[in-house]
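What follows is one structure encoded as structure tokens, with my remarks underneath.
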Amino acid sequence: MWLRKVAAFLARDFLWELSYPLNFFWRWSSIFFNLITFYFLGRLISGATAGYLSAYGGDYFPFVLVGLALGGFQNVALTSVSHAVLYGMYTGTLEAMLVTPTSLSTIVFASVLYQFASSLVSVLIYLLFGILLFGFSLAQANLWAAAVIMGLTLLAHLPLGIFSASFLLIFKRGDPVTSLVGSFSALMGGVYFPLEVLPGWLQSAAQFIPFTHALEGLRQALLNGRSLLSLGTQVAVLGLFAGVLLPLSLAVFSWAVHQAKRLGTLSQF
Amino acid sequence: MRGPSLRLSFPIITDQTFNLLWKGVEKIGAHNFSGSAPAVAVSRLSKYFPLINLRGLLKGRRGQGVWALREVDFQVAPGEVLFILGPNGSGKTTLIKLLATLLAPTGGQILIYGRDASREPLAVKRHLGYITCNESSFYGRLTGWQNLSFFARLHGLDPKTAIPPVVEELDLTAYLDRRYFTYSTGIKRRMDLARGLLHRPDILLMDEPTTNLDPISAAKVRELMARLKAQGKTMIVVTHRLEEVQRLNGRVAIMKEGRFREILAEEGGKLEDIYARVVGEGKHVAS
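Going down the list, the protein sequences come from chains R and X.
The opening residue of the first sequence carries number 1309 in the numbering used here; numbering runs sequentially from there.
The opening residue of the second sequence carries number 6 in the numbering used here; numbering runs sequentially from there.
Pasting the structure below:
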């Protein structure tokens, strides 16, 4: 029964996406244009960055490609839950779902599954375009380790999205979680440049952001073929974030739902 | 419990006298049934909406809130229709949303076939069909069939067997392949009814089912309501239209400022006049 309900959400979101065929097309083509921009940027600065990027093979394009791919994945983890909740509240579809014998937790988690699947496909498209068009190579990659890091990235970032949705259930706007984590991750996560170019105190602060460890782990797995064992620090940190934040975020979400029913904000926007 | 002032013999009731009146009459909604257990039993139901004020929270103060419902009592027997009238802001929609388990009560209890709605919401929802009357509560880019399939699956139903009889009943079959956003308001309202009926609920909760409909579409909805009543469905209908009340011959209650008062048959007189006297805004009633 539960799986059938989850499948209903996946079908709904797939049909919704198909109803905008041009958007479907442009989403993938934007990945191409994004990559080609960074490809030429990489050619421009290739000599200057070699020292900073020696731990990742010395070339800028593979370095930034992995960063861009995981950056999109993190963004979905941070925003998809709150987007699903807000859309449901704004349109009234959330109320229509809540009067069915389906729990709110099922509704919320099933509502974001398609987006996660879609962002995973985006990561693969990034890698595929990189291989086919820009000479990116996965010859040394440890794909198994990369998959584990991706899974842990999701589990470590999803709680932040749940915190964000909990805030929005009650206050509707002004969510501080996504804004802060998104901004800090962009600056200190290392998508566009290695952390070594930052001042020491910012490098230290970056260690408290799960994305920093996720990106480092994925780069090491894909670009240097590092095994899971040798990525113990990244795995442990991401596991710690997930293990602590996931149950905490679920408890906060449950509290927020109760408060929203008490305050009557579940159907307001 | 009935006090002498229940006769409502004065032309206009001020807020002050209205509140005094309530002390005598608000319990009369506890209808007596002979035999059958109530489908819906509401006792001392209250709902307070606190106002969230960030400045107040930071200073440790609670903001001023609103009592949307005050100790409401009533029961509805299986197969009965209860119409709830009242001016805007009187608490009608809050009451419907509490019954639909979309809000948590501040006090009191709702029993659906003897089951506590707060404690067993999932079990209770199987009995309830909620007609939201909110056009945007569907997915506009999906077809009618795709929309109904989604909600049927959330009820744990097979769309292929659940949807056809309902859409046939509502004369919607010809529209199912079209995208929802292409529908007229009348068709959208019937889609809303279809969604609420997919799981064959015993109790229907309707919040202004004919509002914003043209006369023909409204008449179709009323016809359907009459058929549902004939099928023995229990209905609680919030409405501003006395025409619906007269057509379906159900029980009638009026809400004002969160208080609930049932109009009893022995009170006599025209419903319009009683409404005008209780609410003091009779000219706002659509007939």
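Glycine included, every Cβ here is placed at the ideal spot set by N, Cα and C.
Notebook entry, point to check: Rounded to a whole number of angstroms, what is the C-alpha to C-alpha distance between R/LEU1330 and R/VAL1431?
Noted result: 20 Å
Check: So what does DSSP say about R/ILE1470, is it helix, strand or coil?
Finding: helix
Margin query: Going by C-alpha to C-alpha distance, which of X/CYS138, X/THR178, X/GLY274 and X/ARG194 sits closest to R/GLY1400?
Written below: X/CYS138
Notebook entry, point to check: Alpha carbon to alpha carbon, how far is X/SER222 from X/THR190?
Noted result: For X/SER222 and X/THR190, the distance between alpha carbons rounds to 9 Å.
Notebook entry, point to check: Can you list, in chain order, the residues of the segment 1401 to 1413 of chain R whose Cβ is nearer than 9 Å to any Cβ on chain X?
Noted result: THR1401, LEU1402, GLU1403, ALA1404, MET1405, LEU1406, VAL1407, THR1408, PRO1409, THR1410 and SER1411
Note to self: List, in chain order, every chain R residue whose beta-carbon is nearer than 7 Å to that of X/THR137.
What the structure shows: GLY1400, GLU1403 and ALA1404
Check: Whose C-beta lies closer than 6 Å to the C-beta of X/ILE241 among residues of the same chain, with five residues either side of it excluded?
Finding: LEU87 and LEU210
Checklist line | Given R/VAL1374 as reference, the closest of R/LEU1510, R/PHE1341, R/ALA1455 and R/LEU1531 once Cα atoms are compared | finding: R/LEU1531
Checklist line | Whole-angstrom distance between X/THR148 and R/GLY1380, CA atom to CA atom | finding: Cα atoms of R/GLY1380 and X/THR148: separation of roughly 30 Å, rounded to the nearest angstrom.
Next item on the list: May I have the straight-line CA-CA distance separating X/VAL47 from X/ILE208, to the nearest angstrom?
Entry: 14 Å
Check: Residues of chain X with a CB under 7 Å from the CB of R/GLY1572: which are they?
Finding: Here the neighbours are PHE54 and LEU108.
Margin query: Quick check: what's the CA-CA separation for R/ASP1367 versus X/PHE54?
Written below: As the crow flies, the alpha-carbon of R/ASP1367 is around 59 Å from that of X/PHE54.
Next item on the list: Give the straight-line distance between the Cα atoms of R/GLY1469 and R/GLY1490, rounded to the nearest whole angstrom.
Entry: 11 Å
Item checked: Which of helix, strand or coil DSSP assigns to X/ASP212 -> Of the three classes helix, strand and coil, the one that applies to X/ASP212 here is strand, per DSSP.
Check: When you compare only the Cα positions, how much space is there between R/SER1535 and R/PHE1501?
Finding: 23 Å
Next item on the list: Decide if R/HIS1465 is buried, meaning its Cβ has at least 16 other Cβ atoms within 10 Å, or exposed.
Entry: buried
Notebook entry, point to check: What first and last residue would you give for the alpha helix (DSSP H) that runs through X/GLN3?
Noted result: Missing from the structure shown is residue 3 of chain X; chain X here goes from 6 to 292 and no further.
Item checked: X/TYR144: contacting residues in chain R (beta-carbon distance under 8 Å) -> ARG1320, TRP1324 and THR1401
Next item on the list: Return the bridge partner residues of X/THR99 from the DSSP annotation.
Entry: Per DSSP, none; premise fails for X/THR99.
Next item on the list: Using a Cβ cut-off of 8 Å, pull out every chain X residue sitting near R/HIS1566, in sequence order please.
Entry: Neighbours of R/HIS1566 on chain X, chain order: ALA109.
Item checked: Separation of R/THR1461 from R/LEU1546, as counted between CA atoms -> 7 Å
Next item on the list: Classify X/LEU133 as helix, strand or coil using the three-state DSSP reduction.
Entry: strand
Checklist line | Interface residues of the segment 145 to 167 of chain X facing chain R [CB-CB below 7 Å] | finding: ARG146, LEU147, GLN151, PHE155, PHE156, ARG158, LEU159, HIS160 and GLY161
Note to self: For a quick check, are the C-beta atoms of R/ILE1339 and R/ILE1433 less than 7 Å apart?
What the structure shows: yes
Item checked: Presumed contact (8 Å Cβ cut-off) between X/SER95 and X/GLU262, rounded CB distance -> 6 Å
Note to self: Looking only at its chain, what residues have a beta carbon closer than 6 Å to the beta carbon of X/THR98, apart from the 5 residues adjacent to it on each side?
What the structure shows: ASP212
Next item on the list: For X/LYS130, return the contacting residues in chain R, with the cut-off set at a CB-CB distance below 9 Å.
Entry: LEU1406, VAL1407, THR1408, PRO1409 and THR1410
Next item on the list: Could you say if the segment 1396 to 1414 of chain R and the segment 1441 to 1454 of chain R meet the contact criterion of at least three C-beta pairs nearer than 8 Å?
Entry: Too few Cβ pairs lie closer than 8 Å, so no.
Notebook entry, point to check: From R/ILE1603 to R/VAL1314, what distance separates their C-alpha atoms?
Noted result: It is not possible to answer for residue 1603 of chain R, since the shown part of chain R is limited to 1309 through 1577.
Note to self: Within the continuous alpha helix (DSSP H) that includes X/ASP182, where are the two ends?
What the structure shows: Segment: none, X/ASP182 is in no alpha helix (DSSP H) and carries neither H nor E.
Next item on the list: Assign X/LYS288 to one of two classes, buried (16 or more other C-beta atoms within 10 Å of its C-beta) or exposed (fewer than that).
Entry: Since pLDDT at X/LYS288 reaches only 44, below the 50 mark, its modelled position is unreliable, and the value read off the structure follows with that caveat. So X/LYS288 ends up on the exposed side.
Note to self: If I follow the unbroken alpha helix (DSSP H) through R/ASP1321, where does it start and stop?
What the structure shows: 1310 to 1326
Margin query: Taking CB distances under 7 Å as the criterion, tell me whether R/SER1472 reaches chain X.
Written below: By this cut-off, R/SER1472 is not an interface position.
Check: At which residues does the alpha helix (DSSP H) containing R/THR1573 begin and terminate?
Finding: Element bounds for R/THR1573: n/a, residue is neither H nor E.
Checklist line | 6 Å CB neighbourhood of X/TRP150 in its chain, flanking five on each side removed | finding: LEU181
Next item on the list: For X/LEU218, count neighbouring Cβ atoms within 10 angstroms of its own Cβ and tell me buried if that reaches 16, exposed if not.
Entry: buried
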